[in-house]
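All remarks here apply to the structure that follows.
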Amino acid sequence: KLRFSKSSLGSTTSAVNKKFQLSAFDKDSNAVTTFLITPIDLPLVFQCVAFDDINPQAPEHFLVLPKKKIVSLSLAADEDAKILGHLMIVAKKVAAKKLIRNYRVVVNNGWEAVQFSGHLHLHVLGGRPLHWPPG
1 KLRFSKSSLG
11 STTSAVNKKF
21 QLSAFDKDSN
31 AVTTFLITPI
41 DLPLVFQCVA
51 FDDINPQAPE
61 HFLVLPKKKI
71 VSLSLAADED
81 AKILGHLMIV
91 AKKVAAKKLI
101 RNYRVVVNNG
111 WEAVQFSGHL
121 HLHVLGGRPL
131 HWPPG
């Protein structure tokens, strides 16, 4: 079961009343790739979506994705810096809402790093001790 969290930034925080539709899997990559966001009537600075991972690697494992399609961290433009920072703030807020005190934030970049989706996203993992080095 996917639980959705909606987010925007700045004075548009009341814009969380958005209608989100999720096409959960890309047929070619079998990964989350398509998000259709239909705003009500408010101007938005940034939007992103956060939801539980369908294949959790920890008791708490959710993803945070920007509305804007950024293929990977290595392909992010300098202009995407505010969006990338916003994703981190949303990860923090969702973790707090889920009462996760200790967690790890991961960005996979490229196939060898197990990025199977063509849409940059954060993995937020918690709910158990996380050891180092990972994997």
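Residue numbers 1 to 135, in full-length UniProt numbering, belong to the letters of the sequence shown in order.
Note that beta-carbon positions come from the ideal geometry of N, C-alpha and C, so glycine has one too.
Roughly how many whole angstroms lie between the Cα atoms of residue i and residue j?
i      : j      : result
Phe51  : Glu60  : 11 angstroms
Pro134 : Gln57  : 12 angstroms
Phe62  : Leu87  : 12 angstroms
Val114 : Asn108 : 6 angstroms
Leu84  : Lys93  : 15 angstroms
Asn30  : Lys69  : Residue placement at Asn30 cannot be trusted, given a pLDDT of 35 that sits under 50; the coordinates are not used to answer.
Ala76  : Asp53  : 23 angstroms
Val49  : Ser72  : 17 angstroms
Arg128 : Lys98  : 14 angstroms
What is the DSSP secondary structure of residue i, reduced to helix, strand or coil?
i      : result
Val90  : helix
Gly126 : strand
Asp53  : coil
Leu73  : helix
In terms of alpha-carbon separation, which member of the options lies closest to residue i?
i     : options                  : result
Val90 : Pro129, Asn55 and Val124 : Val124
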